[in-house]
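**Q** According to the working numbering, the sequence shown is numbered sequentially starting from 1328. Backbone N, C-alpha and C fix where the C-beta goes; we use that ideal spot for every residue, glycine too. Provided herewith is a single structure, encoded as structure tokens, for subsequent inquiry.
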Amino acid sequence: VEARLRLVIERAVVAAPSDDIEEISSGDLTIDAGGYTARVRGRPLDLTYKEFELLKYLAQHPGRVFTRAQLLQEVWGYDYFGGTRTVDVHVRRLRAKLGPEHEQLIGTVRNVGYRFDPPRDRRTLDDLREGDDQDDATTGRTLAG
């Protein structure tokens, strides 16, 4: 009976589909969950295990806001007894490693927590404002005024 149970369990484990996403891409950021690597524009990020897990977890849920307590439970686990400020420290270090051009990928929702903010259209509102005085190539008119 014991041998049969082991066989059934082994078959179930082999046949179970993997729910893990192997690669997550968002703009210039690529996360390889299988290889525990993250890259920005092809440049590898030197992340600690928890920094990687935090980045991966947030990137798997783009736009969703997580409280510090939720992140502690999901990333650090049920048995973590430290304070919630640990999340703040890891987010700060992660932003520093992402660099000034990509630190905004991890957004802060004041008095709530953090979220992964995927990059939107490359042309931001500032880009549109800067281009207001340039000629419109299709009409030859100036966009401003």
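Could you check where the alpha helix (DSSP H) with L1374 kicks off and where it finishes?
**A** Per DSSP, L1374 belongs to no alpha helix (DSSP H) and is neither H nor E.
**Q** Out of A1386, G1440, Q1431 and L1381, which one is the CA nearest neighbour of E1350?
**A** Checking every option, the nearest Cα to that of E1350 belongs to A1386.
**Q** Relative to the C-alpha of N1438, which residue among E1401, L1382, T1394 and G1426 is closest?
**A** For N1438, the nearest C-alpha among the options comes from T1394.
**Q** Can you give me the C-alpha to C-alpha distance between A1396 and G1440, rounded to a whole angstrom?
**A** Straight-line Cα distance between these residues: approximately 9 Å.
**Q** Under a Cβ-count criterion, where at least 16 other Cβ atoms within 10 Å of its own Cβ denotes burial, should V1418 be classed as buried or exposed?
**A** Classification for V1418: buried.
**Q** Given 8 Å as the limit, is there contact between the segment 1354-1365 and the segment 1399-1407, that is, 3 or more CB pairs closer than that?
**A** The segment 1354-1365 vs the segment 1399-1407: no contact.
**Q** Exposed or buried, L1330, counting other C-beta atoms within 10 Å across all chains shown (16 or more means buried)?
**A** First, the residue type needs correcting, since residue 1330 is Ala and not Leu in the sequence shown. By the 10 Å Cβ count, A1330 comes out exposed.
**Q** Give the secondary structure of D1415 by DSSP, where H, G and I count as helix, E and B as strand, and everything else as coil.
**A** Here D1415 sits in helix by DSSP.
**Q** Report buried or exposed for V1402, applying the criterion of at least 16 other Cβ atoms within 10 angstroms of its Cβ.
**A** Flag for V1402 reads buried.
**Q** Determine the DSSP secondary structure at A1423, reduced to helix, strand or coil.
**A** Three-state result, A1423: helix.
**Q** Thinking L1432 and D1444 are a contact (beta carbons under 8 Å), I'd like their distance in whole angstroms, please.
**A** About 6 Å; that satisfies the 8 Å criterion.
**Q** Assign E1380 to one of two classes, buried (16 or more other C-beta atoms within 10 Å of its C-beta) or exposed (fewer than that).
**A** By the neighbour-count rule (16 or more Cβ atoms within 10 Å), E1380 is buried.
**Q** Residues in the same chain with beta-carbon distance under 8 Å from E1378, minus the five sequence neighbours each way, listed in chain order, please.
**A** Excluding positions up to five away in sequence, the list reads H1417, R1420, L1421 and K1424.
**Q** When you compare only the Cα positions, how much space is there between Y1503 and V1328?
**A** Residue 1503 is absent from the structure shown; the chain starts at 1328 and stops at 1472.
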